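Engineer: The opening residue of the sequence shown carries number 93 in my numbering; numbering runs sequentially from there. All C-beta atoms in this analysis are idealised placements derived from N, C-alpha and C, irrespective of residue type, glycine included. What you are looking at is a predicted structure, and each value in this text was computed from that prediction instead of being measured.
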Amino acid sequence: MSHAWIASGRRAFSRVLPRADRPTRKEPLAAGQGGAVARRMRGGFTSDSAVAVATWVVGTALAVVLVRWFDLDPYTVGGVVMPMGVGAVAGAVVLALFLLRRSDQLIGVGIGVYSAWMALVLATTLHGSPYGFGLLSGDAGRFVAMAMKFMDTSASADPFIKGMPSEYPPLYPWIVGHVARVVDRPAWQLFGDMQIVVMTGAVVLSYVLWRRLVSPGVAFAIAGLSPAVFAGPSKDYEFIALLVFTPWILATCLRLPRERGGLHWLSSGIIGGLLVLTYEAWIFYAAAGIVALLILNFRAAAARGRYLLHLLGVAVTALVVASWYLVPFGWDVLTQPSERVSDLWMSAAISDHPLYLPFLQVTPLAAIQLVGLLGMLWYRRTTWWAQPLLLLVLGSYAYRVAFLLRTAYDNHTGYLQYTETLISMLFMVGGVLTVAEAVPQLWRRLSIASVGRVPRERVVAVTVVVVLVVWAFVQGWPQWVAGPRGLRDSVTAVGDVNRGSDAHAEPLPDGSLVRFAPPAGYIYPRFPTSDIERVVTSQLGAKARPVVLVYDQRLFAFTTYYGYTAVDRLSANTLTLWDARTAEIKKLAKITDPAQFAAAADKTPYGPIDVFVLHVANETKWQWLNVPFSPQSFDAAHFHIERLPDNAVIAVRKH
């Protein structure tokens, strides 16, 4: 970054931003300083934000009641269209009220109804199943396994390995696990409810945070368009972190006074710590842009010491809040052997579009994002938001390019494919803010008249915003409805299997099916969890938490057992040393003498293996993944052995 560029940025920030170290006027910023958006800023928790939260709470509760009252099969056409019909009626009522009487509170009602509508769709999809969105053999299953561990502990815990701190942010499963303990239900049964709350609450929370910085209509548009950017309920923790990230950065770093939406260092630090505990990746992806933003603000500040103290307070508070996760994992990485393998996973998105340019597509969202790019460039010296957003975008691209080069060097991607989501969100936010900045000037020039008692400006603006927000909802809808949609009425089935299908395609621990299971061709293979628990309990006791070498990750989603290693190499904790543990498993598999095998299983370099759950390939080969074990290694003198359903065998080592 050149000195001239920094100086230019400093002058721009000095012109646009109010100085936090001087008394500021209570009235809105002048047009030359803040523009149309800035003139409507309000800090704090506004009345329409309170209305939005209340409407969401009541509306979501009503949505759940309505789903139970209708009692529809999610795979029928009725189950697919019911939420759309109810939402259309509710939305039409709110829209009519707003056109007749404009008020901030009605916008708050609108975002609350919108979120409740989303809850209605999600609840309808999960109706009849104890599961949530997502495969129990994938990322969602690892979160479920973590939550099961947190039913017994408050310390950071890996989903599989005993005594190992979590590498993945643990707050979400920590909450689920502790709630499960309070309500006396297994954590795996609570994820569907949690996903409904987090996905819909994220939209309301986005509105509340943006409402500190912008007008109600702009906050409504940003929050309402978010499902068009990212809307996967199985990654709801990423969704809420994504929606919080941008307003938090702007309210923290721009030296805005409280009445303009600036955050106190303590509040900002708490939010930052919770972000790290929930999903810290967005911060890392935009890190270069954040640093540039801080440098420019520091150079533009009249009281640089106060600004530095503010940032120090934010950083220290965030670290304290996140310390129970960062400290144990960071310490072990520094003091223990480690091997990062999880980012060796190659996403098709990387080779499909290495340099992600979302505004080149032909969609309404792409048009908004193109407007966002142009607005960031055009308004970068005259508004409070354009240059900060541009820096965050550039920082995200810098991360992406750096890891494109790293991928070419050693195949470590740094999960660069996920920068697409952040880049797309930043461009969308920029597009909304650009329109909010430019359109009022256009109205004044055109001197547009009213339609009856309703200003034509309001009719057009509200119509455009509502159409775009409903369009964004429809973009998320295929991910929220169990696919193929209308499968039970086979003639009308459309779409593909999705994460909503997982909730009904996964058999229960005892092998039975959920109430609205799809046809046989869509059911996932069974795994005999209940039989494994029965054998372990009979041999080791009801409270036993053995270390298990098992070929299917789902065991850990239903039990509190530990694993000798993660089942999937690309999901293994950096501290696991997956390759080294697998090498020990291969050595163990070569031992065929029963006594030697039992002794070796008791004293591996990474601790004992108490239970083996292997897949029966044939009568001479039992397998863990692609590692074959000989059945003659297990005998009755050293192991209790039982053949289980679904081509599985269990061998419990006798102590």
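How far does the alpha helix (DSSP H) with TYR161 in it reach, from first residue to last?
Structural biologist: Within the sequence shown, the letter at position 69 stands for residue 161. According to the sequence displayed, residue 161 carries Trp and not Tyr. Element bounds for TRP161: 139-162.
Engineer: Quick check on DSSP: helix, strand or coil for PHE225?
Structural biologist: Sequence index remark: in the sequence shown, residue 225 carries index 133 (1-based). Correct three-state label for PHE225: coil.
Engineer: Quick check on the DSSP output: what are the complete alpha helix (DSSP H) runs of length 4 or more inside the segment 189-263, in order along the chain?
Structural biologist: 196-218, 231-242
Engineer: Check this for me: beta carbons of VAL289 and SER318, under 9 Å apart or not?
Structural biologist: The count along the sequence shown starts at 1 and reaches residue 289 at position 197. The count along the sequence shown starts at 1 and reaches residue 318 at position 226. It is not a contact, given that the beta carbons lie outside the stated cut-off.
Engineer: So GLU625 is in the alpha helix (DSSP H); what residue range does that whole segment cover?
Structural biologist: Locating residue 625 in the sequence shown gives position 533, counting from the first residue. First-last of the alpha helix (DSSP H) with GLU625: 621-632.
Engineer: Based on the DSSP output, what are the partners of ASN710 in its beta bridges?
Structural biologist: Position 618 of the sequence shown, counted from the first residue, corresponds to residue 710. Paired residues: LYS713.
Engineer: Check whether the Cβ atoms of ILE332 and VAL521 lie closer than 9 Å to each other.
Structural biologist: On the sequence shown, residue 332 is found 240 positions in, with the first residue counted as 1. On the sequence shown, residue 521 is found 429 positions in, with the first residue counted as 1. Taking 9 Å as the Cβ cut-off, ILE332 and VAL521 do not qualify as a contacting pair.
Engineer: DSSP beta-bridge partners for VAL744?
Structural biologist: The residue labelled residue 744 in the question sits at position 652 within the sequence shown. Looking at the DSSP assignment, VAL744 forms a beta bridge with VAL703, HIS732.
Engineer: Please work out which residues of its chain come closer than 8 Å, Cβ to Cβ, to GLY578, disregarding the five sequence neighbours upstream and downstream, and give them in chain order.
Structural biologist: Looking up residue 578 in the sequence shown gives position 486. Taken in chain order, the residues that qualify are TYR167, THR168, VAL169, VAL172, THR584, ALA585, VAL586.
Engineer: Measuring CA to CA, which of PHE726, LEU508, ILE363 is closest to LEU436?
Structural biologist: Working through the sequence shown from its first residue, we reach residue 436 at position 344. Closest in C-alpha terms to LEU436, from the list PHE726, LEU508, ILE363, comes LEU508.
Engineer: How is TYR167 classed by DSSP in three states: helix, strand or coil?
Structural biologist: What you label residue 167 is simply residue 75 of the sequence shown in a count that begins at 1. Looking at TYR167 - three-state DSSP - the assignment turns out to be coil, as it is neither helix nor strand.
Engineer: Would DSSP call GLY587 helix, strand or coil?
Structural biologist: Taking the first residue of the sequence shown as 1, we reach residue 587 at position 495. In this structure, GLY587 counts as coil in the three-state DSSP scheme.
Engineer: Give me the DSSP bridge partner(s) of THR668.
Structural biologist: Translated into the one-based positions of the sequence shown, residue 668 becomes position 576. Partner(s): none; THR668 has no beta bridge.
Engineer: Would you mind stating whether PRO222 and GLN287 have Cβ atoms separated by less than 9 Å?
Structural biologist: Numbered from its first residue, the sequence shown carries residue 222 at position 130. Numbered from its first residue, the sequence shown carries residue 287 at position 195. No, the Cβ-Cβ distance between PRO222 and GLN287 is not below 9 Å.
Engineer: Would you call the segment 412-428 and the segment 659-668 touching, i.e. three or more CB-CB distances under 8 Å?
Structural biologist: yes
Engineer: Could you name the residues of the same chain whose beta carbon sits closer than 6 Å to that of GLN631, not counting the 5 residues immediately before and after it, in chain order?
Structural biologist: Against the sequence shown, residue 631 aligns to sequence position 539. Excluding sequence neighbours, GLN631 sits near HIS732, VAL744.
Engineer: Write down the C-beta distance between VAL659 and VAL708 rounded to the nearest angstrom, noting that I regard them as a contact closer than 8 Å.
Structural biologist: As a first step, residue 659 is located in the sequence shown; it is residue number 567 there, counting from the start. As a first step, residue 708 is located in the sequence shown; it is residue number 616 there, counting from the start. Not really, about 17 Å apart at Cβ, beyond 8 Å.
Engineer: Out of ILE253, ALA146, ALA247, GLY255, which one is the CA nearest neighbour of HIS270?
Structural biologist: Taking the sequence shown and counting its residues from 1, one reaches residue 270 at position 178. Checking every option, the nearest Cα to that of HIS270 belongs to ALA247.
Engineer: Looking at the structure shown, is THR292 part of a helix, part of a strand, or coil, going by DSSP?
Structural biologist: On the sequence shown, position 200 is the one that residue 292 refers to. The answer is helix: DSSP assigns THR292 an H, G or I state.
Engineer: Within the segment 425-476, note down every full alpha helix (DSSP H) run reaching 4 residues or more, in order along the chain.
Structural biologist: Counting whole runs of 4 or more residues, the segment 425-476 contains the alpha helix (DSSP H) stretches 440-444, 456-470.
Engineer: Mind checking ARG735: buried by the 16 CB within 10 Å criterion, or exposed?
Structural biologist: As a first step, residue 735 must be located in the sequence shown, where it is residue number 643. When all chains shown are included, ARG735 counts as exposed.
Engineer: VAL573 by DSSP, collapsed to three states: which one?
Structural biologist: As a working mapping, residue 573 is identified with position 481 in the sequence shown. Coil, per DSSP.
Engineer: State the start and end residues of the unbroken alpha helix (DSSP H) segment that holds PHE721.
Structural biologist: Walking along the sequence shown from the start, residue 721 turns up at place 629. From DSSP, PHE721 is part of no alpha helix (DSSP H) but of the beta strand (DSSP E) over 719-721.
Engineer: Does MET133 come out as helix, strand or coil in the three-state DSSP assignment?
Structural biologist: For the purposes of this step, residue 133 is taken as the residue at position 41 of the sequence shown. Legend: pLDDT at MET133 = 39, less than 50; position of this residue unreliable, no value from coordinates given.
Engineer: So what's VAL659 in DSSP terms, helix, strand or just coil?
Structural biologist: The residue labelled residue 659 in the question sits at position 567 within the sequence shown. Note: VAL659 maps to coil in three-state DSSP.
Engineer: Comparing C-alpha positions only, which one of ALA249, PRO308, GLY179 sits nearest to ARG194?
Structural biologist: Residue 194 sits at position 102 when you count from the first residue of the sequence shown. With distances taken between Cα atoms, ARG194 lies closest to PRO308.
Engineer: Name the one or two DSSP bridge partners that TYR654 has.
Structural biologist: Taking the first residue of the sequence shown as 1, we reach residue 654 at position 562. Answer is VAL639.
Engineer: Count the other CB atoms, across all protein chains shown, that sit within 10 Å of the CB of HIS730; report buried if there are 16 or more and exposed otherwise.
Structural biologist: Your numbering for residue 730 matches position 638 in the sequence shown. Under this definition HIS730 is a buried residue.
Engineer: Could you give the distance in angstroms between the alpha-carbon of GLN715 and the alpha-carbon of VAL156?
Structural biologist: Taking the first residue of the sequence shown as position 1, residue 715 is located at position 623. Taking the first residue of the sequence shown as position 1, residue 156 is located at position 64. Rounded to the nearest angstrom, the two C-alpha atoms are 44 Å apart.
Engineer: If you check the beta carbons only, do LEU400 and CYS345 fall under 9 Å apart?
Structural biologist: In the sequence shown, counting from the first residue as 1, residue 400 sits at position 308. In the sequence shown, counting from the first residue as 1, residue 345 sits at position 253. No. Outside cutoff.
Engineer: Just curious, the alpha helix (DSSP H) that ARG498 is in, first and last residue?
Structural biologist: The sequence position of residue 498 within the sequence shown is 406, counting from 1. Unbroken alpha helix (DSSP H) run through ARG498: 478-502.
Engineer: On a Cα-Cα basis, can you pick out the residue from ASP250, ALA441, VAL275 that is closest to LEU263?
Structural biologist: As a working mapping, residue 263 is identified with position 171 in the sequence shown. Residue ASP250 is the option with its Cα nearest to LEU263.
Engineer: Let me confirm a value: VAL627 is counted as buried when at least 16 other C-beta atoms fall within 10 Å, else exposed. Which label applies?
Structural biologist: In the sequence shown, residue 627 corresponds to position 535, counting from 1. Sixteen is the threshold: when 16 or more other Cβ atoms of the shown chains lie within 10 Å of the Cβ of VAL627, as they do, the residue is buried.
Engineer: Compute the beta-carbon to beta-carbon distance between ILE382 and TYR299, rounded to the nearest angstrom, for a pair I have assumed lies under 8 Å.
Structural biologist: One-based indexing of the sequence shown puts residue 382 at position 290. One-based indexing of the sequence shown puts residue 299 at position 207. 23 Å between Cβ atoms; not a contact.
Engineer: May I have the straight-line CA-CA distance separating ALA553 from VAL275, to the nearest angstrom?
Structural biologist: Residue 553 sits at position 461 when you count from the first residue of the sequence shown. Residue 275 sits at position 183 when you count from the first residue of the sequence shown. Rounded to whole angstroms, ALA553 to VAL275 spans 47 Å at the Cα level.
Engineer: Can you tell me where the alpha helix (DSSP H) holding ALA693 begins and where it ends?
Structural biologist: The count along the sequence shown starts at 1 and reaches residue 693 at position 601. Start and end: 686-694.
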